[in-house]
Amino acid sequence: MDPVVLFFLLGVIARLLKSDLKLPDALYETLSIYLLLAIGLKGGVELAKHPVAMVAPQAIAVIAMGLVLPLLAYPVLRFLGKFNTFDSAAIAAHYGSVSVVTFAVGLAFVIKQGVAFEEYMPLFVALLEVPGIVVGILLARTLAQGSARKKIHWGALAHEIFLGKSVVLLVGGLLIGSFAGPQGIDPMRGLFFDLFKGVLALFLLEMGLVAASRVTDLKRAGPFLIVFGIVTPVVFSMIGAALGRLIGLSLGGTTLLAILAASASYIAAPAALRIALPEANPTLSIGAALGITFPFNLTLGIPLYFEIAKRLHF
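Position 165, counted from 1, in the sequence shown is what this note's numbering calls 165; the numbers after and before it change by one each time, with no gaps.
In structure tokens form, the structure reads like this:
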């Protein structure tokens, strides 16, 4: 098991044993900013090496996947899980969007395996943040009945989605890296590239503490949401892996796209849905994404998605 995952498990165990371990809020914020920028910069540097005409068709296909995934999740939640329209749409939006931290762990995993991958994959992270959230909101507002069908305030929503911290830092890093190129970024390589895994380990320690604190939320949510939080990422990973193979990604790229498809947002989606769908219960969506899917992906999911990608490539 990768050491960064062990840091996550340390956080989980510490919280379950009621330890007073906690990272300072300012440090947690700093680590998250660092990770987002580092991922963006790395992708931007590699994006500068590839013509837009080559990447654009793949990017369009990835965006299409981001639109489809919440449409698949919604009917399962609504009709099998018996959740109301708003909760079903909110949970679907979380699973249609992506987790940057899960991608970062997947990136470390692929590098450790020594498998080649398309270095511009962080571009797909930025592209997949938004579509699932928008589809989830549209589902809720168009399928709601009576007075619940309120007008969407697109201005405030667009500001929250496109100018939220995660998108600004990811896209900003991509742009800086692509404009500066490898030589321009080289003086910063020690900070943003060499220290990446150590910073990720510290961040995952805090995420372990946070994930363990969601256990009580899941007890109230019921067994269906727990099963959904495990089965859905596996199914979505197969879709991501199949798409990766179809658009010509390498084994490593296919694995990373499968990991992105399997991940669920717990940063960008909650912030946007707080504005757009105040009727939804955030305990359900965040509890499933952070309390079930995130730990599952880190411990068992990522190696499983790698095996799925390998079977498609050989």
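Don't be surprised by glycine CBs; every beta carbon is placed ideally from N, CA and C.
Quantities reported herein were computed from a predicted structural model and do not represent experimental measurements.
> Taking Cβ positions only, does D87 come closer than 7 angstroms to chain C?
Replying inline: Looking at the structure shown, chain C is missing, and only one protein chain is on hand.
>> Within a Cβ cutoff of 8 angstroms, which residues of the same chain sit near L16, ignoring the five residues on either side of it in sequence?
In response: A212 and V215
> In terms of residue numbering, what span does the alpha helix (DSSP H) encompassing L27 cover?
Replying inline: D25 to L47
> What residues in its chain sit with their C-beta under 6 angstroms from that of E279, if we drop five residues either side in the sequence?
Replying inline: F86
> Counting Cβ pairs closer than 8 angstroms, one from the stretch 169-176 and one from the stretch 35-46, do we hit at least three?
Replying inline: yes
>> Quick check: the stretch 124-143 against the stretch 60-73, are at least 3 beta-carbon pairs closer than 8 angstroms?
In response: yes
> Closest by CA to A288, which one among P270, L277, L243 and A180?
Replying inline: P270
> Would A241 pass as a contact of Y95 if the rule is Cβ separation under 7 angstroms?
Replying inline: no
> Distance, Cα to Cα, T293 vs P233?
Replying inline: 7 angstroms
> If A201 and F83 are in contact, beta carbons under 8 angstroms, what's the gap, nearest whole angstrom?
Replying inline: The Cβ separation is near 36 angstroms, so there is no contact.
> Can you find at least 3 beta carbon pairs, one from the stretch 172-179 and one from the stretch 236-250, that sit closer than 8 angstroms?
Replying inline: no
> Within 10 angstroms of its Cβ, does Q183 collect 16 or more other Cβ (buried), or is it exposed?
Replying inline: exposed
>> Classify S32: buried if its beta carbon has 16 or more other beta carbons within 10 angstroms, exposed otherwise.
In response: buried
>> Suppose contacts are defined by Cβ-Cβ distances below 7 angstroms. Is L317 in contact with G44 by that definition?
In response: This structure gives no information on residue 317, because the portion of the chain shown stretches from 1 to 314.
> Taking the C-alpha atoms as reference points, what is the distance between R245 and P70?
Replying inline: 21 angstroms
>> Could you check whether G136 and A108 sit closer than 7 angstroms to each other, using their CB atoms as the reference points?
In response: no
> Going straight from the alpha carbon of L10 to that of M54, what length do you get?
Replying inline: 42 angstroms
>> By the three-class DSSP mapping on this structure, what secondary structure does V101 have?
In response: helix
> Any idea what DSSP makes of E129, helix, strand or coil?
Replying inline: helix
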